[in-house]
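> Before I ask anything, here is the structure I am working with.
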Amino acid sequence: MEEKASQTNLQVKAKKAIPSHIKTFFAILVLSIASFVLGMVTNNALSTKVEAQAAQKAQQSAAAAQLGQIPTPEPTLGKQNVDVGNYPPEGDPNAKVTLIAFEDFRCPFCEKFFSGVLPQLQKEYIDTGKVKLYYRNFQFLGTASTLAGNAGECANEQNQFWAFHDYMYQNQPDEADTSMYTVDNLTQIAGNLGMDSSQFQQCLSSNKYASDANKDMADGQKVGVTATPTFFINGNPLIGAQPYGAFKTIIDQELKK
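Each residue of the sequence shown is one higher than the last, beginning at 49 in the working numbering.
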């Protein structure tokens with residue numbers, strides 16, 4: 049019994065013999081580990097939340113792009129004095145509202161405007177004599193765009209610009225596919241639209257109207273155009289393939305003046 053009591057006393061003394069600074073060290077170590085683990089959990093939770101928000105915004109942007117809505121920021125330009133260029137207008141030349149479109153035949157957002165918004169504008173405003181539409185080249189997507197813009201000028205030489213314009217957007221390939229944009233292919237398109245193929249090919253091969261197409265782009269840059277499509281409604285800028293309502297709002301305001 050005395051031996052057992054002695055062993056117990058030795059154990060108690062050993063426990064009491066642990067220095068206080070070692071106890072403090074172990075306590076700090078435990079707290080540090082706990083803080084680290086808690087921080088990792090918190091950071092992972094925040095990271096997951098941020099990633100989820102980013103994914104949601106990306107999905108919203110993709111959905112808007114598919115609808116042709118706002119591919120570029122809201123305009124920061126003020127009202128501009130924009131020349132209408134050398135193409136004839138679509139609509140009554142005496143219409144109160146002038147809509148000028150700076151576009152590229154290869155631009156997918158320009159096609160979205162053509163297919164998703166222009167038919168409504170045509171029906172409500174252009175065909176009713178309220179709006180006249182002018183097209184201006186802003187061929188900034190490479191050599192294929194330059195050739196397509198020049199082809200529009202050659203179609204205009206034969207008074208077939210708008211027929212050519214409609215065909216180019218109705219049959220626009222994927223942006224990465226430039227096989228359509230050659231002198232021979234564009235000449236064949238012109239012939240199918242009833243133009244004189246020989247005249248068109250000579251015009252396009254010689255870059256006869258390249259200076260006119262280049263002037264369109266230079267004029268656009270002067271009034272702040274940096275991408276396509278960019279529109280000016282009686283000088284009021286509207287940037288991107290905006291929904292029909294954005295055009296309607298500005299047009300109706302201009303018609304009331």
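All C-beta atoms, glycine included, are put in the ideal place defined by N, C-alpha and C. If you're wondering where the values come from, they're calculated on a predicted model, not measured in any experiment.
Could you check whether the segment 239 to 258 touches the segment 192 to 207, counting it as contact only if at least three pairs of C-beta atoms, one from each stretch, sit closer than 8 angstroms?
By the criterion of at least three beta-carbon pairs nearer than 8 angstroms, the segment 239 to 258 is in contact with the segment 192 to 207.
> Residues bridged to residue 278 by DSSP?
Answer by DSSP bridge pairing, in chain order: 150, 287.
> Around the C-beta of residue 301, are 16 or more other C-beta atoms found within 10 angstroms, so that it is buried, or is it exposed?
Note on residue 301: under 16 other CB atoms within 10 angstroms of its CB, so exposed under the neighbour-count rule.
> Helix, strand or coil for residue 160 per DSSP?
The answer is helix: DSSP assigns residue 160 an H, G or I state.
> Just checking, does the segment 223 to 230 make contact with the segment 137 to 151 on the three C-beta pairs under 8 angstroms criterion?
No, the segment 223 to 230 is not in contact with the segment 137 to 151.
> To the nearest angstrom, how far is the alpha carbon of residue 185 from that of residue 154?
Each residue's alpha carbon lies about 11 angstroms from the other.
> Could you tell me which of 238, 197, 172 sits nearest to residue 260, measuring between CA atoms?
197
> Pick out whichever of 183, 166, 129, 287 has its Cα sitting closest to the Cα of residue 276.
Answer by Cα proximity: 287.
> For the candidate residues 296, 305, 280, whose alpha-carbon lies nearest to that of residue 129?
Its Cα nearest to that of residue 129, the residue 280 stands out among 296, 305, 280.
> Between residue 137 and residue 178, how many whole angstroms is the CB-CB distance? I'm expecting something under 8 angstroms.
Incorrect: roughly 13 angstroms between the Cβ atoms, too far for contact.
> Check for me: the alpha helix (DSSP H) holding residue 296 runs from which residue to which?
292 to 303
> Name the residue from 304, 212, 172, 164 whose alpha carbon lies nearest to the alpha carbon of residue 282.
304
> Would you mind working out which of 272, 262, 291 sits nearest residue 133, comparing C-alpha positions?
Distances from the CA of residue 133 to each of 272, 262, 291 were compared; the closest alpha carbon is that of 262.
> Going by beta carbon distance, what residues of the same chain come within less than 6 angstroms of residue 234, once the five residues before and after it are set aside?
Contacts found: 199.
> Hey, how far is the Cα of residue 291 from the Cα of residue 165?
Take the alpha-carbon of residue 291 and the one of residue 165: they are about 7 angstroms apart.
> Given a threshold of 16 other Cβ atoms within 10 Å of its Cβ, counted over all protein chains shown, does residue 29 qualify as buried or as exposed?
The shown model of the chain, from 49 to 305, leaves out residue 29, and the question about it has no answer.
> For the segment 246 to 272, list the beta strand (DSSP E) runs that are entirely contained and at least 3 residues long, ordered along the chain.
none
> Need the endpoints of the alpha helix (DSSP H) that residue 215 sits in, please.
209 to 218
> Count the other C-beta atoms from every protein chain shown that fall within 10 angstroms of the C-beta of residue 285, then say buried if there are 16 or more, exposed otherwise.
By the 10 Å Cβ count, residue 285 comes out buried.
> Look up residue 195 in the DSSP assignment and say whether it is helix, strand or coil.
helix
> Since residue 173 and residue 135 are thought to touch, with beta carbons under 8 angstroms apart, how far apart are those beta carbons, to the nearest angstrom?
With a Cβ gap of about 18 angstroms, residue 173 and residue 135 do not count as contacting.
> Between the beta-carbon of residue 212 and the beta-carbon of residue 265, is there less than 9 angstroms?
no
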